[in-house]
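Here's the structure we're looking at; comments come further down.
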Amino acid sequence: MGEREYDASYQAPPAETGEMELVHAETFIGKYIWSQDAKVIAIQYMLTATAIGLVALALSIVMRLQLGFPDTFSLIDPAEYLQSVSMHGMIMVVYLLTAFFLGGFGNYLIPLMCGTRDMVFPYLNMLSFWFYLVSVLILAAGFFVPGGSTGAGWTLYPPQSISEGTPGVDGGIITMLVSLMVFIAGFTMGGLNYVVTVLQARTRGMTLMRLPLTIWGIFMATVMALLAFPALFVACLMLLFDRLLGTSFFMPEMLGVTQDVAREGGSPVLFQHLFWFFGHPEVYIVALPAFGIVSDLIATHARKNIFGYRMMVWALILIGVLSFVVWAHHMFVSGMNPYFGFLFATTTLIIAVPTAIKVYNWVLTLWRGNIRFTLPMLFAIGFLFTFLNGGLSGLFLGNVTVDVPLSDTYFVVGHFHMVMAVAPILVIFGAIYHWYPKITGRMLNVPLGQIHFWVTFLGTYLIYYPMHFIGLEGVPRRYYAYGETTFISDSVQSLNAFITIAAIVVALAQLLFLFNIVWSYYRGREAGDNPWHATTLEWQTAETPPPHGNFGKELPVVYRWPYDYCVPGVKADFIPQNVPPQAVERDS
Amino acid sequence: MTRQDTTHWSDEGTMTGDTLAARSPEASIKRMMADWSSDQRVFKQVPWGKAMMWAFILSDIFIFGCFLIAYMTVRITSTEPWPNAAEVFALQVGGEYVPLLLIAIMTFVLISSSGTMALAVKYGYERNRLATTLLLLLTSLLGASFVGMQAFEWTKLIEDGVRPWANPWGAAQFGATFFMITGFHGAHVSFGVLFLIIMTVKVARGSLDKERPGFLTGRKGNYEMVESLGLYWHFVDLVWVFIFAFFYLW
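Protein sequence lines correspond, in order, to chains A and B.
Under the numbering used here, think of the first position of the first sequence as 69, with each following residue one higher.
Under the numbering used here, think of the first position of the second sequence as 383, with each following residue one higher.
What follows is the structure, encoded as structure tokens:
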């Protein structure tokens with residue numbers, strides 16, 4: 069792209085709204101506990117999500133030890149294995165990834181990047197976090213109720229999730245469902261804030277097409293979450309009634325044939341439809357913020373404007389819309405009408421088009437860029453590889469005929485861990501390395517970060533690549549032990565042991581990362597206001613970390629898009645968004 | 383936040399040639415494009431509270447949509463016959479069974495309350511404190527009587543033997559869906575009544591005229607809050623129309 073011309077006589081229009089009313093707290097509790105400052109709420113979200121995420125990480129190690137060395141360790145019995153699977157999945161998808169991206173980065177970045185002082189309704193925003201915390205506590209309480217947490221898998225399919233014989237049917241399933249409903253209520257409060265802040269409270273000069281892609285990603289994900297979580301809410305409420313009140317929304321007639329139950333006439337497939345109407349958009353609720361953030365990381369650290377900004381925005385919107393009409397590709401073997409399978413396979417493959425556009429644009433942004441292999445950049449490139457590989461195996465699973473034999477095998481486990489578990493997590497790491505200097509005022513330690521990246525990135529492949537082969541051999545997932553199964557070869561067992569060792573190493577590397585976070589907070593190098601020479605508004609604040617209210621007396625005025633890097637004819641290799649055309653120093 | 387532009391009330395009466403041209407489809411699309419590509423705000427003149435209420439309503443539409451679709455699915459897949467609404471919801475008046483009598487009154491009451499709410503919003507923008515207070519009070523009374531009648535209906539059905547897990551006439555899912563969905567809607571109405579009462583007190587005390595800070599949020603009060611609450615109330619009424627159609631007329 070050539071030089072972007074800006075009208076030198078351009079004056080930003082006057083402010084349409086008055087100053088935001090902010091409640092300035094004086095006490096420690098008001099500032100850091102019951103805080104109405106979006107940045108503090110963001111950090112509260114991040115810390116809570118990390119805490120519960122570590123629990124899920126520990127669960128995964130326990131599962132891997134069982135799978136890798138079934139005869140050596142006796143940490144868990146079969147019921148506890150199923151409970152670990154279920155809790156690991158639900159925590160990682162909802163309580164870690166969703167909360168971290170939207171509650172964490174959403175709260176921190178939306179007001180700063182849009183140039184506002186705070187979210188439009190700070191009090192509601194605060195409530196949102198406390199609902200989230202309560203939901204996490206209820207979820208964790210599931211470990212301690214009689215019978216333990218639910219072992220129904222993270223999809224909670226009825227009738228087995230509420231039938232006798234499934235672990236956690238006494239209390240665990242109830243705490244899980246209640247926790248999800250509280251989470252959804254809390255998220256709605258936050259989500260309404262994010263949407264209205266982006267739409268209605270931007271600073272002067274900040275048009276929608278001048279928003280950083282990070283905000284576009286978070287915004288679209290929030291809109292999707294507001295429309296997808298209702299389906300989960302309804303499914304949870306109905307399942308809760310089935311469990312507690314003896315209704316039979318999901319309890320089928322067939323159940324009476326094998327078990328002595330009084331309930332009949334319900335539709336288990338209805339639950340699957342409701343669940344996946346939430347569940348598939350949920351994949352993109354996690355992925356879209358990652359897409360947005362990675363675009364900004366790549367542009368900033370390659371010192372180049374993002375390739376095809378408009379196309380990136382429209383791809384985000386298109387993915388968001390399409391993701392609502394692909395849900396039944398999770399249900400090809402559920403017994404629904406086979407014609408549905410054809411329809412949903414088609415929409416699923418169509419969604420690969422905007423996704424591919426995004427991947428091409430990231431690569432083309434890197435193409436001949438002035439790439440700096442900083443830690444955020446490493447993680448962004450790591451994301452590209454991981455997401456691409458995970459996405460390609462998604463094309464296999466999106467086709468009905470290929471999916472049917474691969475259903476419920478380790479191929480599926482490998483696929484979704486690559487594409488929606490590890491890929492977004494890599495972006496979260498990259499984003500933390502990128503914005504930590506703004507949040508704390510100090511840089512993270514680079515050598516520690518390098519070790520963290522290479523172990524995590526390569527470890528990902530050592531863990532999940534073999535799973536694809538195990539899956540192709542037909543090894544089913546969610547089994548505690550395989551014993552003497554004729555079709556499973558010995559090499560599968562050795563691969564499982566290998567995966568387990570890799571997983572333990574990767575988990576230990578995450579402890580290194582946590583150490584880096586704590587250590588750098590006290591001993592890290594001073595970062596200054598704009599260590600990456602980035603253009604977006606959060607790096608232009610007068611103070612680092614930004615105080616309550618974000619900006620000084622005057623809100624910044626925006627004159628340009630967020631990707632003015634290496635503009636020809638300009639002295640500096642970047643022009644912040646709030647620099648007017650007249651103030652740009654040009655080569656004489 | 384700027385005050386809502388209230389001049390559009392008078393616009394309605396005197397529509398000139400210019401305003402007609404400004405309302406043509408082309409002009410509307412151009413204006414919409416201009417708004418979406420402008421800075422600061424997409425929806426000009428729309429205060430934050432109102433924008434948020436619309437977003438909330440969109441989300442809530444998906445909740446009720448999922449409920450109603452789930453109800454239809456359950457009703458279609460049920461193996462037992464579905465109870466006949468005309469008989470189940472009949473009231474005995476002077477020895478005669480009148481079908482849908484109570485529900486007709488309930489619907490009438492709730493729809494009327496939408497009218498009083500709309501008037502309350504209008505008088506609010508005209509800064510007519512007394513009329514706004516009385517109309518909000520009337521709306522909350524109508525809403526409360528709706529919830530009361532619903533409680534009466536539930537009691538009667540429970541006396542007839544309808545339970546979430548069984549009923550005397552057929553598919554068990556009848557009671558389950560009925561109690562769940564009307565209960566969820568009733569909870570919406572009840573919360574609406576609660577907020578209406580709070581708003582009535584605010585208006586009566588003049589908190590909105592004096593822009594007194596709210597009890598919890600510390601934000602200044604204004605009459606746009608009445609309109610936002612009104613949006614919620616109309617939405618709850620609209621949902622009732624669908625519930626009425628799907629449960630009582632199908």
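Positions of the beta carbon are idealized from the N, C-alpha and C atoms, including for glycine.
Going by the CB atoms, is the gap between residue j and residue i shorter than 8 Å?
| i | j | result |
| --- | --- | --- |
| B:P546 | B:G557 | yes |
| A:I283 | A:M181 | yes |
| A:G239 | A:G215 | yes |
| A:N40 | A:A370 | Outside the displayed span of chain A (69 to 656) sits residue 40 of chain A, for which this structure offers no information. |
| A:G259 | A:T223 | no |
| A:P398 | A:G347 | Strictly speaking, residue 398 of chain A in this sequence is His, with Pro absent from that position. Cβ atoms of A:H398 and A:G347: closer than 8 Å. |
| A:Q268 | B:A437 | no |
| A:V495 | A:A577 | no |
| A:I252 | A:F287 | no |
| B:S441 | A:L245 | no |
| A:P444 | A:F169 | no |
| A:A303 | B:F444 | no |
| A:P630 | A:R378 | no |
Classify residue i: buried if its beta carbon has 16 or more other beta carbons within 10 angstroms, exposed otherwise.
| i | result |
| --- | --- |
| A:Q79 | exposed |
| A:Y633 | buried |
| A:E350 | buried |
| A:M486 | buried |
| A:H483 | buried |
| B:E394 | Reliability fails at B:E394, whose pLDDT of 44 lies under 50, so the model's placement of it is uncertain and the value that follows must be treated cautiously. It counts as exposed. |
| A:M322 | exposed |
| B:S406 | exposed |
| A:A448 | buried |
| B:Q474 | exposed |
| A:T469 | exposed |
| B:W418 | exposed |
| B:M499 | buried |
| B:W430 | buried |
| A:Q650 | exposed |
| B:N466 | exposed |
| A:I120 | buried |
| A:F309 | buried |
| A:H92 | exposed |
| A:S77 | exposed |
| A:W435 | exposed |
Going along chain A, which residues have a C-beta under 9 Å from residue i?
| i | result |
| --- | --- |
| B:D421 | A80, P81, E84, R270, T271, R272, G273, M274, T275, L276, R278 and V626 |
Check the Cβ of residue i against every Cβ in chain B and list those closer than 8 Å, keeping chain order.
| i | result |
| --- | --- |
| A:G617 | Those do not exist, as A:G617 stays about 15 Å from chain B at its closest Cβ, beyond 8 Å. |
| A:V302 | I445, C448, F449 and A452 |
| A:T392 | As written in the sequence, residue 392 of chain A is Phe, which differs from the Thr given in the question. The premise fails here: A:F392 is roughly 10 Å from chain B at the closest Cβ pair, so nothing lies under 8 Å. |
| A:L338 | A452, T455, V456 and T459 |
| A:A383 | In chain order: nothing, as chain B lies at least about 18 Å away. |
| A:S316 | W547, A554, Q555 and A558 |
| A:M306 | A452 and M562 |
| A:Y377 | Those within 8 Å of A:Y377 in chain B number zero; the least Cβ separation is about 14 Å. |
| A:P298 | S441, D442, F444, I445, G447 and C448 |
| A:L683 | Residue numbering for chain A in the displayed model covers 69 to 656; residue 683 of chain A lies beyond these limits and cannot be assessed. |
List, in chain order, every chain A residue whose beta-carbon is nearer than 8 Å to that of residue i.
| i | result |
| --- | --- |
| B:F438 | T256 and L260 |
| B:M499 | The contacting residues do not exist; B:M499 stays about 22 Å from chain A at best. |
Could you tell me which chain B residues have their CB closer than 7 Å to the CB of residue i, listed as they occur along the chain?
| i | result |
| --- | --- |
| A:S335 | T455, V456 and T459 |
| A:E148 | Those within 7 Å of A:E148 in chain B number zero; the least Cβ separation is about 32 Å. |
| A:L313 | P546 and W547 |
Mind listing the chain A neighbours of residue i? Cutoff is C-beta to C-beta under 7 Å, in chain order.
| i | result |
| --- | --- |
| B:F629 | In chain order: nothing, as chain A lies at least about 16 Å away. |
Going along chain B, which residues have a C-beta under 9 Å from residue i?
| i | result |
| --- | --- |
| A:V188 | W430, G431, A433 and M434 |
Give a yes or no on contact between the segment 254 to 264 of chain A and the segment 186 to 193 of chain A, applying the rule of three or more CB pairs nearer than 8 Å. yes
What residues in the segment 585 to 618 of chain B have a beta carbon less than 7 Å from any beta carbon of chain A? L598, T599, G600, R601 and K602
For the segment 555 to 574 of chain A against the segment 589 to 598 of chain A, are there 3 or more C-beta pairs whose distance is under 8 Å? no
Pairing CB atoms from the segment 620 to 632 of chain B with CB atoms from the segment 474 to 491 of chain B, are three or more of them under 8 Å? yes
Name, going along the chain, the residues of the segment 546 to 559 of chain B whose beta-carbon falls closer than 7 Å to a beta-carbon of chain A. P546, W547, A553, A554, Q555 and A558
Members of the segment 240 to 265 of chain A that neighbour chain B once the beta carbon cut-off is set at 9 Å: T256, G259, L260, N261, V263, V264 and T265
Chain B contacts made by the segment 87 to 105 of chain A, where a contact means CB separation under 7 Å: E89 and V91
Is there contact here, the segment 578 to 588 of chain B with the segment 510 to 522 of chain B, by at least three beta-carbon pairs under 8 Å? yes
If the cut-off is 9 Å on Cβ atoms, which residues from the segment 127 to 141 of chain A count as contacting chain B, listed in chain order? none
For the segment 370 to 387 of chain A against the segment 416 to 427 of chain A, are there 3 or more C-beta pairs whose distance is under 8 Å? yes
Is the segment 520 to 530 of chain B touching the segment 570 to 584 of chain B, taking contact as three or more C-beta pairs under 8 Å? yes
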